[in-house]
Each structure stands twice: as structure tokens, then as C-alpha cells.
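*Asks:* Sharing a structure here in C-alpha cells format.
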Amino acid sequence: TFSAGGKELRCVQLINAFGPGIEHHIVSAVPERMEAAELVSRRISVTYPQDFPSLQGKPWPGRLHRIARAMRGYDLVLTYNWGAMDAAMAHALLGQHLSLPPLIHHEDGFNEDERERLKTSRNWFRRIGLSRASQLIVPSETLEKIALETWQIPMNRVKNIPNGIDTAAFARPPRGNALPGLRKEGADRWVGTLAGLRKVKNLPALVRAFATLPEPWKLVIVGDGPEAETIRAEAERLGLG
106 TFSAGGKELR CVQLINAFGP GIEHHIVSAV PERMEAAELV SRRISVTYPQ
156 DFPSLQGKPW PGRLHRIARA MRGYDLVLTY NWGAMDAAMA HALLGQHLSL
206 PPLIHHEDGF NEDERERLKT SRNWFRRIGL SRASQLIVPS ETLEKIALET
256 WQIPMNRVKN IPNGIDTAAF ARPPRGNALP GLRKEGADRW VGTLAGLRKV
306 KNLPALVRAF ATLPEPWKLV IVGDGPEAET IRAEAERLGL G
């Protein structure tokens with residue numbers, strides 16, 4: 106998706122940092138989840154193509170060919186996680202034939218269905234689909250090890266770039282009204298998280314752990330996703346207003 110989760114916000118920060126000299130086209134496998142688009146600077150030339158072939162569906166040859174043809178004409182293609190693997194596969198199989206631009210894939214982690222163990226079929230798909238990617242970007246040593254050993258991507262094409270923290274931004278106290286609709290009073294103590302509200306994050310466990318804290322502690326969860334109602338229900342069950 107292009108919802109306002111961690112990897113999407115990182116992407117937006119990079120888009121804004123590169124400035125107005127670069128034009129961006131953004132395609133989501135879930136077109137109705139585009140909340141991060143609101144955070145792209147208005148100085149940036151950005152388009153959200155409506156005619157790009159769907160990234161959902163079986164990887165039949167005809168569909169992969171349509172995706173590959175849609176990638177022609179760009180200077181660089183960036184793909185993100187499993188939702189874009191069909192695009193990576195189309196590029197691997199047809200990139201040379203269609204003279205496609207370089208492709209850089211980013212892998213940030215796995216969803217609930219691969220939390221305990223990676224699926225063998227997906228490992229094979231990734232191994233083939235990423236075989237011709239110019240670079241594979243990962244944010245951890247665990248993912249780097251998987252890329253090198255399980256997917257067998259050559260070491261010179263795997264880059265481990267850990268997610269950075271702008272520590273200077275936390276060196277001064279935040280404004281009391283930094284979060285719309287919330288105000289931190291002097292005696293308040295907050296436990297907070299910014300995350301995509303997905304099952305794999307297991308945020309109800311955070312709610313249960315927080316419930317043991319006394320006043321004036323407050324729990325602030327910033328994000329959106331399919332688990333929002335489940336998290337809210339757990340908070341209500343525990344009497345957290």
C-alpha cells in the first residue's frame with residue numbers, strides 16, 4: 106500500500122528530500138490505500154497513474170508482460186516488499202528484451218503469514234524475481250542474511266541500510282499540541298508508538314502491558330490499518346478510555 110506506515114513515510118521523506126528536480130510516479134497494489142500521498146511536498150512533481158496494470162493477481166505471462174511494458178520510459182524503478190514482487194518478476198524476465206530501466210527492490214520485512222516461517226514458494230519467486238535487480242535494499246542483518254543465503258542474491262547487490270533515527274529532533278521538548286486533537290499536560294506521561302496497524306505488529310499486547318501502569322500514564326498509538334478496531338476493542342475491554 107501507500108498508507109501512512111513506516112516504509113511509506115520513509116519513502117515520502119526521501120521524495121521530499123530529493124526536491125523538485127525529480128518526477129515521481131507512484132503505484133500501489135492497493136489503490137484505495139494512498140494516505141501517505143498527503144505528506145508529499147506540493148513542490149514535488151508526483152503522479153499516481155490510474156492505468157498502470159494491477160499488481161494483484163496470478164503471475165501469468167500476459168499479465169507480467171503488461172506490467173513490464175508499463176515500466177518502459179522511466180529512468181529508475183523502485184519496488185517495495187512482496188506486494189510489488191510481480192513487477193520485479195516482470196522486470197527480471199523481460200527487462201533485457203524491453204530495455205527496461207534499472208530496478209532497485211526494497212524488502213522491509215514480512216506480514217503475518219510469514220512471521221514464523223518464510224513460504225518456500227515465495228522464496229523461489231523472490232530468488233528468480235530479484236535475480237536481475239540492480240540492488241536489494243534491506244534494513245537489518247536478519248534480512249541481509251535471508252537475501253544472501255535463502256534468495257541467493259550476490260553480496261555486491263545487497264545493501265543493508267538500517268532505519269535511521271533523527272536524534273537531534275528529540276533533543277528538545279516537543280510542542281504540547283504536536284499531535285492533532287491531543288495535548289500533553291505537564292503531569293502526563295506518554296507511552297507512544299507510530300506503526301502500521303497490522304496483525305504482525307501485535308499492538309494489542311502493548312495495550313495489555315500498558316494497562317498495568319498507573320495514572321498519569323497515557324498510551325498513544327499513531328497509525329492506521331486493518332487492526333485498528335481490534336486494538337480499540339482491547340483498550341475498551343481493559344477499561345482504557
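Numbering (my numbering), first residue to last: 106 to 346.
Just so it is clear, CB atoms sit at the ideal spot from N, CA and C, and this is done for glycine as well.
In angstroms with no decimal places, state the Cα-to-Cα distance between glycine 330 and isoleucine 336.
*Replies:* Against the sequence shown, residue 330 aligns to sequence position 225. Against the sequence shown, residue 336 aligns to sequence position 231. If I take the Cα positions, the gap works out to 10 Å.
*Asks:* Among all the DSSP beta bridges, which residues are the ones paired with valine 296?
*Replies:* Within the sequence shown, numbered from 1, the residue matching residue 296 stands at position 191. Note: valine 296 sits in a beta bridge opposite Leu324.
*Asks:* For threonine 225 and leucine 208, what's the separation of their Cα atoms in angstroms?
*Replies:* What you label residue 225 is simply residue 120 of the sequence shown in a count that begins at 1. What you label residue 208 is simply residue 103 of the sequence shown in a count that begins at 1. Whole-angstrom Cα-Cα distance: 24 Å.
*Asks:* Ignore the nearest five residues each way along the sequence and tell me which others in glycine 111's own chain have a CB closer than 8 Å to its CB.
*Replies:* Start at 1 with the first residue of the sequence shown, and residue 111 comes out as number 6. Closer than 8 Å at Cβ, skipping near neighbours: Asp213, Asn268, Leu299, Ala300 and Gly301.
*Asks:* Counting pairs of Cβ atoms below 8 Å between the region 113-129 and the region 140-154, do you hit three or more?
*Replies:* Yes, the region 113-129 touches the region 140-154.
*Asks:* Ignore the nearest five residues each way along the sequence and tell me which others in threonine 255's own chain have a CB closer than 6 Å to its CB.
*Replies:* The residue you call residue 255 lines up with position 150 of the sequence shown. Cβ neighbours of threonine 255 beyond the five flanking positions: Asn228.
*Asks:* Report all residues from its chain with a CB closer than 6 Å to the CB of alanine 192; omit the five preceding and five following residues, and keep chain order.
*Replies:* Looking up residue 192 in the sequence shown gives position 87. Ile172 and Thr184, listed in sequence order.
*Asks:* Who are the near neighbours of proline 321 in its chain, counting only those whose CB is closer than 7 Å to its CB and skipping five residues on each side?
*Replies:* In the sequence shown, residue 321 corresponds to position 216, counting from 1. Closer than 7 Å at Cβ, skipping near neighbours: Ala292, Asp293 and Arg294.
*Asks:* If you draw a straight line from the alpha carbon of isoleucine 242 to that of isoleucine 266, how long is it in whole angstroms?
*Replies:* Locating residue 242 in the sequence shown gives position 137, counting from the first residue. Locating residue 266 in the sequence shown gives position 161, counting from the first residue. Going by the C-alpha atoms only, they are around 7 Å apart.
*Asks:* Use the C-beta contact count for arginine 342: other C-beta atoms within 10 angstroms, 16 or more gives buried, fewer gives exposed.
*Replies:* Your numbering for residue 342 matches position 237 in the sequence shown. Answer is exposed; the Cβ neighbour count stays below 16.
*Asks:* Flag this pair as yes or no: are the beta carbons of valine 325 and glycine 297 separated by less than 7 Å?
*Replies:* The sequence position of residue 325 within the sequence shown is 220, counting from 1. The sequence position of residue 297 within the sequence shown is 192, counting from 1. A contact, by the Cβ cut-off of 7 Å.
*Asks:* With a threshold of 6 Å on Cβ separation, who are the neighbours of asparagine 121 within its own chain once the five nearest residues in sequence on each side are excluded?
*Replies:* Here residue 121 refers to the residue found at position 16 of the sequence shown. Answer for asparagine 121: Ser146, listed in chain order.
*Asks:* Alpha helix (DSSP H) containing glutamate 113: first to last residue?
*Replies:* Locating residue 113 in the sequence shown gives position 8, where the first residue counts as 1. Unbroken alpha helix (DSSP H) run through glutamate 113: 111-123.
*Asks:* Provide the residue(s) that pair with asparagine 265 in DSSP beta bridges, ordered along the chain.
*Replies:* Along the sequence shown, one-based indexing puts residue 265 at 160. Looking at the DSSP assignment, asparagine 265 forms a beta bridge with Val243.
*Asks:* Just how far apart, CA to CA, sit serine 133 and valine 182?
*Replies:* Here the question's residue 133 lines up with position 28 in the sequence shown. Here the question's residue 182 lines up with position 77 in the sequence shown. Their Cα atoms are separated by approximately 13 Å.
*Asks:* Quick one, are the C-beta atoms of methionine 176 and glycine 234 less than 7 Å apart?
*Replies:* Along the sequence shown, one-based indexing puts residue 176 at 71. Along the sequence shown, one-based indexing puts residue 234 at 129. It is not a contact, given that the beta carbons lie outside the stated cut-off.
*Asks:* Once DSSP output is grouped into helix, strand and coil, what is the label at valine 305?
*Replies:* The sequence position of residue 305 within the sequence shown is 200, counting from 1. Looking at valine 305 - three-state DSSP - the assignment turns out to be helix.
*Asks:* Tell me the DSSP secondary structure of glutamate 128 in three-state form.
*Replies:* The sequence position of residue 128 within the sequence shown is 23, counting from 1. Looking at glutamate 128 - three-state DSSP - the assignment turns out to be strand.
*Asks:* Per DSSP, which residues does valine 151 bridge with? Please list them.
*Replies:* Here residue 151 is taken as the residue at index 46 of the sequence shown, counted from 1. Answer is His129.
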